[in-house]
Amino acid sequence: MTLPNDQRAQLEALYAEMAPENLTPLWESLAQLVPKQPRSPAKVHLWSYDQARDYLMRAGDLISAEQAERRVLILENPGLRGQSSIIPSLYAGLQLILPGEVAPAHRHAQCALRFVLEGEGAFTALDGEKAIMRPFDLVLTPGWQWHDHGNPTDKPMIWLDGLDIPTVRHFDAGFAEGYREKAHPETAPPGDTLARYGRNLRPVRGTTADRRPAHQPLFHYPYADWRPALAALAAGPDIDPHLGHALEFLNPADGGSVMPTIAAHVRLLPAGFETRARRATDGTVFVVVEGSGWALVEGREIALKPRDILVVPSWHELRLGAADDLVLFGYSDKAAQEKLHLYKEQCA
Ligand code: 1HN
Numbered sequence: 164m165t166l167p168n169d170q171r172a173q174l175e176a177l178y179a180e181m182a183p184e185n186l187t188p189l190w191e192s193l194a195q196l197v198p199k200q201p202r203s204p205a206k207v208h209l210w211s212y213d214q215a216r217d218y219l220m221r222a223g224d225l226i227s228a229e230q231a232e233r234r235v236l237i238l239e240n241p242g243l244r245g246q247s248s249i250i251p252s253l254y255a256g257l258q259l260i261l262p263g264e265v266a267p268a269h270r271h272a273q274c275a276l277r278f279v280l281e282g283e284g285a286f287t288a289l290d291g292e293k294a295i296m297r298p299f300d301l302v303l304t305p306g307w308q309w310h311d312h313g314n315p316t317d318k319p320m321i322w323l324d325g326l327d328i329p330t331v332r333h334f335d336a337g338f339a340e341g342y343r344e345k346a347h348p349e350t351a352p353p354g355d356t357l358a359r360y361g362r363n364l365r366p367v368r369g370t371t372a373d374r375r376p377a378h379q380p381l382f383h384y385p386y387a388d389w390r391p392a393l394a395a396l397a398a399g400p401d402i403d404p405h406l407g408h409a410l411e412f413l414n415p416a417d418g419g420s421v422m423p424t425i426a427a428h429v430r431l432l433p434a435g436f437e438t439r440a441r442r443a444t445d446g447t448v449f450v451v452v453e454g455s456g457w458a459l460v461e462g463r464e465i466a467l468k469p470r471d472i473l474v475v476p477s478w479h480e481l482r483l484g485a486a487d488d489l490v491l492f493g494y495s496d497k498a499a500q501e502k503l504h505l506y507k508e509q510c511a
């Protein structure tokens with residue numbers, strides 16, 4: 164705000180006097196507080212998987228999963244350093260679990276997804292039921308459900324963790340507790356929940372077979388299921404000009420997003436396809452699953468290759484192009500924004 168010098172001086176003197184009383188004038192910050200459109204402090208950024216993996220493996224030589232509780236390198240947005248955030252509302256990390264290791268059981272208010280990047284045969288156990296993890300599986304650990312991880316194989320296992328840590332912190336609503344033992348006792352054989360709740364069926368309500376929490380029963384979305392579904396969609400004649408072939412992961416309990424704060428999807432862009440420009444208010448974390456291509460974010464071109472991780476903050480114009488068939492996984496805060504009636508998108 165530009166004001167005559169003497170008025171400015173008098174105002175500044177007034178602000179200085181009131182500051183010790185924890186009072187501050189709105190008119191100096193109104194335009195920033197209520198922007199005409201989103202101006203995210205987060206930046207567009209790409210993490211090379213190979214580079215991050217190197218540091219993660221070096222950490223693996225220096226600290227055990229049990230010592231660390233979770234051996235994770237946080238992907239901090241360069242515009243949000245020190246905040247453990249990849250966008251203002253969400254967290255991302257790369258977790259390593261080495262052969263024979265256990266990451267002990269705990270539960271917390273924050274909800275989490277895991278997207279497997281490397282290794283096969285380690286597990287996440289949710290309330291005592293193991294999901295055996297394979298590359299590009301999506302595994303959920305919803306809020307306040309017990310979870311531990313273990314790697315009984317002879318190879319390292321690495322996955323991307325996506326959590327709503329900054330959202331829970333924003334609401335000052337975080338609780339956590341450790342389990343009395345390292346691992347939750349087994350409650351069901353691996354795959355049991357997928358069989359009961361993952362096939363457009365569910366145990367009849369009120370029977371003992373209906374053992375999972377009603378609001379969040381399913382927690383494993385295997386690559387072996389979603390990839391053929393995406394291939395079938397891509398075999399059809401229609402393609403969305405802004406998204407390509409896209410499928411969202413659903414919570415079968417309500418047909419909504421996988422978790423209350425986080426939405427997740429996959430998309431396939433056929434070789435040579437370029438999307439039209441689009442922007443949305445959800446900040447999105449993308450993982451390249453297969454193929455190669457580019458992202459054009461606000462005019463800046465970024466090359467994409469398998470396992471690299473790209474963050475596109477709110478209201479950044481995005482175009483994607485596929486050199487060969489490009490498959491992406493993405494998660495975002497769209498789920499929370501829709502509940503708050505904040506979500507918007509703009510397609511060119
Ligand atoms: C957590 O529980 C896990 O269970 C990973 O693997 C990362 C980051 C912050 C808080 C809880 C896990 C986490 C986390």
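Going left to right, the sequence shown walks through residues 164 to 511 as the numbering used here numbers them. Each residue gets a CB set at the ideal place from its N, CA and C atoms; glycine is no exception. Quick caveat, the model's predicted, so the values are computed rather than measured.
Query	Result
Taking 7 Å as the cut-off, is the CB of Arg-332 close to at least one heavy atom of ligand 1?	no
Taking the alpha helix (DSSP H) that Lys-293 belongs to, which residues open and close that run?	Premise fails: Lys-293 lies in the beta strand (DSSP E), 292–295, not in any alpha helix (DSSP H).
Ends of the beta strand (DSSP E) at Thr-267?	Contrary to the premise, residue 267 reads as Pro rather than Thr in this sequence. That run of the beta strand (DSSP E) goes 265–271.
Ligand 1 heavy atoms versus the CB of Val-265: any closer than 7 Å?	no
Heavy atom of ligand 1 less than 7 Å from the Cβ of Gln-246, yes or no?	no
Determine, using beta-carbon pairs with one atom in the segment 437–445 and one in the segment 484–501, whether at least three such pairs fall under 8 Å.	yes
Thr-165: which of Ser-192, Pro-376 and His-269 sits nearest, CA to CA?	Ser-192
Going by DSSP in three states, Ile-425 sits in which element: helix, strand or coil?	coil
Who pairs with Cys-274 in a beta bridge, going by DSSP?	According to DSSP, which records beta bridges pairwise, Cys-274 is partnered with nothing at all.
By alpha-carbon positions, which one of Asn-414, Leu-431, Asp-224 and Leu-410 ends up nearest to Thr-424?	Asn-414
Which residue from Val-331, Leu-261, Gly-263 and Thr-371 puts its Cα closest to that of Pro-251?	Val-331
With hydrogens ignored, establish whether the beta-carbon of Ile-328 is closer than 7 Å to any heavy atom of ligand 1.	yes
When the Cα of Thr-356 is compared with those of His-312, Ala-339 and Ala-288, which residue comes out closest?	Ala-288
Which stretch, first to last residue, makes up the alpha helix (DSSP H) that contains Thr-356?	355–360
Between Gly-530 and Thr-438, is the Cβ-Cβ spacing less than 8 Å?	The question about residue 530 has no answer, for the chain in this structure spans 164 to 511.
How long is the line joining the alpha carbons of Tyr-342 and Ala-372, rounded to whole angstroms?	25 Å
In this structure, does DSSP put Trp-307 in helix, strand or coil?	coil
To the nearest angstrom, how far is it from the Cα of Leu-257 to the Cα of Gly-313?	16 Å
Assuming contact is defined by CB atoms lying nearer than 8 Å, are Val-452 and Phe-492 in contact in what I supplied?	yes
Can you tell me the Cβ-Cβ gap for Leu-236 and Ala-215, rounded? I've got them flagged as a contact below 8 Å.	6 Å
May I ask which residues mark the beginning and end of the beta strand (DSSP E) holding Ile-465?	463–467
So for Tyr-384, helix, strand or coil by DSSP?	strand
Kindly indicate the opening and closing residues of the beta strand (DSSP E) around Met-320.	320–326
So, using beta-carbon positions, are Ile-465 and Tyr-212 closer together than 8 Å?	no
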